[in-house]
Every structure is written in C-alpha cells, then in structure tokens.
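With my numbering as the guide, the letters of the sequence shown map in order to residues -17 to 97. We put the CB at the ideal spot given by N, CA and C, even for glycine.
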Amino acid sequence: MTRRNRRPAATNPDLMAVLGLAAPEPELVDAARTREHVARLLAAGWGSRSIARRSGVDRRAVRALWAGRSAGLPPTRRVHAGTQESILAIRPDDPKPDPDGQRDREPGASFSLGS
C-alpha cells in the first residue's frame, strides 16, 4: 500500500497487464537473416566489437549470433526485431568505428590539443 492513497501499488506483472500498464513483449524474429548479415560483415573485415558499437547491440549478443553463447551451445535462433534492424542497417562498406567509438581518421591526419 502506498501512504498517500492507501491503495495497493500495482507492482504485480499480472495486475500491470490487466490494467494495460505492462510493457509489451518484445517481438522475436528468426535470426537466420541477421546471422547471414553478420557473416558478411565479418568477411568484410568487421569485428564483433565494431558491429556492436555501430549497431548499439551488446557484443555478446552479436557473438552469440554466429558462435553461440558458450562452448557447446548453438548460435542464437531468434533475436529481437530491433536488434535485427540495427544490425541489418550496417553495410559492409561502411567505415568501421575505431576503439573509442569514433570513425577512423584519414591516414596521415593529425590534430592538436590547443594552440
């Protein structure tokens, strides 16, 4: 019960769903298309960290698409629709982010920290 109105707080997930306050279940889609795209990105020189950084998806989720979560487990069979959209948005010829999440500078380019 809350102090203000003496009514029970809606914290039970079933109650939240009945009241229409529950978050919708994420849509899961077949991961085959995403897995094939990750394979194309890897063949083009992308790494799992670069794919994760560019797509905003956790690196472990990207790795699980083609290698499984751990030794002996198969690759992920289904992914969230948003994850698929984010990864499919990356083109193999897109510039890869550097370790700091920024695009690589042109070869020979320099910068100064002040005058």
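- Nearest C-alpha to residue 30 among 58, 44, 62, 38: 44.
- Inter-residue distance for residue 50 and residue 22 is about 17 Å (C-alpha atoms, whole angstroms).
- Within a 10 Å sphere around the beta-carbon of residue 47 sit 16 or more other beta-carbons, which makes this residue buried.
- For residue 11, the enclosing beta strand (DSSP E) stretches over residues 10 to 12.
- Taking the C-beta atoms as reference points, residue 74 is found no nearer than 7 Å to residue 35.
- Ranked by how close their Cα comes to the Cα of residue 62, the residues 26, 39, 27 have 39 in first place.
- By the neighbour-count definition (other C-beta atoms within 10 Å, threshold 16), residue 13 is a buried residue.
- A straight line joining the alpha-carbon of residue 55 with that of residue 77 spans about 32 Å.
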